[in-house]
Structure formats: structure tokens, C-alpha cells
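The working numbering puts the last residue of the sequence shown at 949; the count rises by one with no breaks.
See below for the structure under consideration.
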Amino acid sequence: MIDAAEILNYPLDSVPAPDEFIRAAMQWHFSPETASRFWFERAQLLDFDPLADVKSFEDLRLFPDFSGDLRSVPIEDLIPRGYGPDPDIAGVYESGGTTGAAKRIIFTRDWLDREVAIGKTAFLRHGVVPGGNWLALLPTGPHMIGGLTEREAAEMGGHKFSIDMDPRWVKKLIAAGDVAGAAAYADHLVDQAAHVLETQDIRTLLASPPMLDRIAGRPALVELIRAKVSTILWGGTHMNAENRHFHRTELFPGKVIVGSYGSTTFLGSAKERPGLRATDPCVFDSGTHHLTFSVLDPRTGEKVAYGERGQVLVNHVGKAMFLPNNLERDTALRIEAPPGQVGDSVADVEPLDSFDDEDVIEGVY
Numbered sequence: 585m586i587d588a589a590e591i592l593n594y595p596l597d598s599v600p601a602p603d604e605f606i607r608a609a610m611q612w613h614f615s616p617e618t619a620s621r622f623w624f625e626r627a628q629l630l631d632f633d634p635l636a637d638v639k640s641f642e643d644l645r646l647f648p649d650f651s652g653d654l655r656s657v658p659i660e661d662l663i664p665r666g667y668g669p670d671p672d673i674a675g676v677y678e679s680g681g682t683t684g685a686a687k688r689i690i691f692t693r694d695w696l697d698r699e700v701a702i703g704k705t706a707f708l709r710h711g712v713v714p715g716g717n718w719l720a721l722l723p724t725g726p727h728m729i730g731g732l733t734e735r736e737a738a739e740m741g742g743h744k745f746s747i748d749m750d751p752r753w754v755k756k757l758i759a760a761g762d763v764a765g766a767a768a769y770a771d772h773l774v775d776q777a778a779h780v781l782e783t784q785d786i787r788t789l790l791a792s793p794p795m796l797d798r799i800a801g802r803p804a805l806v807e808l809i810r811a812k813v814s815t816i817l818w819g820g821t822h823m824n825a826e827n828r829h830f831h832r833t834e835l836f837p838g839k840v841i842v843g844s845y846g847s848t849t850f851l852g853s854a855k856e857r858p859g860l861r862a863t864d865p866c867v868f869d870s871g872t873h874h875l876t877f878s879v880l881d882p883r884t885g886e887k888v889a890y891g892e893r894g895q896v897l898v899n900h901v902g903k904a905m906f907l908p909n910n911l912e913r914d915t916a917l918r919i920e921a922p923p924g925q926v927g928d929s930v931a932d933v934e935p936l937d938s939f940d941d942e943d944v945i946e947g948v949y
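And the structure:
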């Protein structure tokens, strides 16, 4: 019998064979001794046996997309029994509600530690210098990004400052046609950030593209950031190629600027590929077996050709949670992955206009 837990928490510098990893995941999430109630119950609905029939990443396409169930399932049902009677849960996090009611996921302590280590490795590869405080123009609780960035800031040797952002309120204003109200709220967020930047030693700024756009309209704040901040990390909503070029070459030249592509159902994020020029498409590499992408033709379900645009399909495979075959609300260009990475890389990510019969409203995050 393989040690499924050990394989799923493999050393980050010693990656297991993809098929071995998937077999371990099936054993952990579908054996009665270790499975969560969520997957134990849904296994009864499947017309295949995950333990016998799922042997590779490609086989994950057999699963239905159960991610919609995360809107209402009791959170206790998501915890694998293999964690024992007293699991160490680091957080319960919710999606931003872009396409309806929020979805909820768990972060066990071991997964939080692991995702922080993955992120730190990526930051160091980009040349982010450890030390100094972080300021996040991003949501805090109940959103995953709040808990994750607090730990990342500490791991990189600083303290995290936050503003009080409610992305759902902005989406509600936009949906109601209150553009002026949404703009006023965004300015209110920038006002909060400006005060922190004026009074504290901030070396790393985290912001969504809409927040960076708001900052661009305040020359004095731009100059303050140029003087104090060495790294800008962006994510949460999408940034087109023109804006990315503007931020890297005109607004904040000479800064380390790193993009992230993530969502709650990723249980983390994919980081921008190191070494890209300002004129290159922004490519995101998943980086681990835990997060894998495919880019599909939504009409046929088949992969599009490299360089072509399709809808993003995501698998999260870990010890804490298993979320396969999750069709995202995004489209992207399919890019060939680096050696050793399973699946595709993605570039020029854009939102769909609607998803699951709901309009996609991004707002400030």
C-alpha cells in the first residue's frame, strides 16, 4: 500500500511521477478511512470507480464539476477523515461571489504552510527581496487572499498592512448601474492605502488592476510608491497586455512587478512566468501538481491548439481538498508548459461575459 499522504505532500524539490501522484490522490480521497464525507457521498453518484479507473491527470475529465456544491455544503463535510478527529484548520474562505452565491473551501494548516512555501519560491525566482512590510489593496476575510498574504508577508520577513475592502459591495453597485457609487468606493479604498503609504515603511504593494488604475490617476501617490516600494504584486482581476506594458514601463519602471492568476477554487494561484519582457504576453505557469490547467474549446471540450484561445479548465489535487474538472469563468491563450509541468500554461486571461447564467462582474477584485 502506498503512503498517499506522503506522496500528496511531496517535497517541493522532489516531484513524484504524475500518475503516482494521481493514484495517491484517489486512494486518499476515496478510501473510506481517509475520504471526506463530501467525496464519500459523491462517489456513490459516479458511473465509474475512482480507485480503479482514475490513473492519470487525463482521467480527471471523468469527474463531473461538483464545485457548485461548495455554495451550500457544510464545511465539516469537506475535511478528509484522514486528518483525524481534531484537524488543524487554518481557515474557511469564500469566493468573491462574481457568479452568484459564494463558494466555501477549507485551508488545513499543512496546506497553508505548503502554499506559502510555493509562493515564496516563486517570489524569490522573480527577484523579490525579502524584508520590508507589505500593503495589500485586496480583500481580507472571508477571502482566501487575506489569510494567505498575511502569512506570505511574514514568511518574506515583513508585516502586512491591509485596507478594508468589500468586493461584493462594489459588484452590487455595478450590477445596479451605480457607476458613480462604485467609483466613489474605489476612491475610498485608495484613500485608505495612501494613508498607510504615507506613514509606514512599505516595500511591497499588492493590488488588483482596478486599484492600480485608480492609483495611476493620483500623481503624488504614484511618486510616493516609486520612492518607497520595490515590488508590486498584482492579481484578483485581469490585466490586459496594454495595461501591463504601461505599468511596467511608464507608471512603475524599474520595479519588480509580478502577476498572479488564482481563485478560491484553485486554493492558491499560478504566478507569472519569470523573465518575461513588458512586450510579452503575461504567461502563468501552474508550477506544481496541485494546480493544473487545460484550455478547451467550450463547444467540443477538446484542447485548442497552442496560441489559440479557449476556456480554462482547472484541477486542484491536494491532501486537504480535491476539486477536479472545474470549468472556470475565464478564457485564455493555451501556452506550452515548461518541462516537468503537467497540463497547459495560460496567457492573456480574460473573463467571460456570463457564466452559469450569471453576468460576470469583476469590480475592484
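C-beta atoms are modelled at their ideal positions from N, C-alpha and C, and glycine is treated no differently.
Treat the numbers as computed from the prediction; the structure is a model and nothing was measured.
{"Asked": "For A737: DSSP bridge partner residues", "Found": "For A737, which the question treats as bridged, DSSP gives no partner whatsoever."}
{"Asked": "Beta-ladder partner(s) of I689, from DSSP", "Found": "Y677"}
{"Asked": "Entirely enclosed alpha helix (DSSP H) segments - the segment 739-805, minimum 4 residues", "Found": "751-759, 763-783, 793-800"}
{"Asked": "Minimum C-alpha distance to H874 - residue among A804, L917, P858, A904", "Found": "A904"}
{"Asked": "Residue from R626, E617, V657, V813 with nearest C-alpha to G668", "Found": "E617"}
{"Asked": "Cβ-based burial, Q628 [other Cβ within 10 Å; buried from 16]", "Found": "exposed"}
{"Asked": "Cβ pair count under 8 Å reaching 3, the segment 924-937 against the segment 822-832", "Found": "yes"}
{"Asked": "Distance between E834 and V813 (C-alpha atoms, nearest Å)", "Found": "15 Å"}
{"Asked": "A619, enclosing alpha helix (DSSP H) - first and last residue", "Found": "Note, A619: premise wrong, no alpha helix (DSSP H); not H, not E."}
{"Asked": "Opposing strand residues paired with V867 [DSSP bridges]", "Found": "A931"}
{"Asked": "Top-ranked residue by Cα proximity to D694, from G675, H772, L790, P837", "Found": "G675"}
{"Asked": "N909 to L757 span [Cα, whole Å]", "Found": "32 Å"}
{"Asked": "Residues near F622 by beta carbon distance below 7 Å, same chain, minus five either side", "Found": "V657, D661, L662"}
{"Asked": "Pairwise C-alpha distance: V774 and T872", "Found": "34 Å"}
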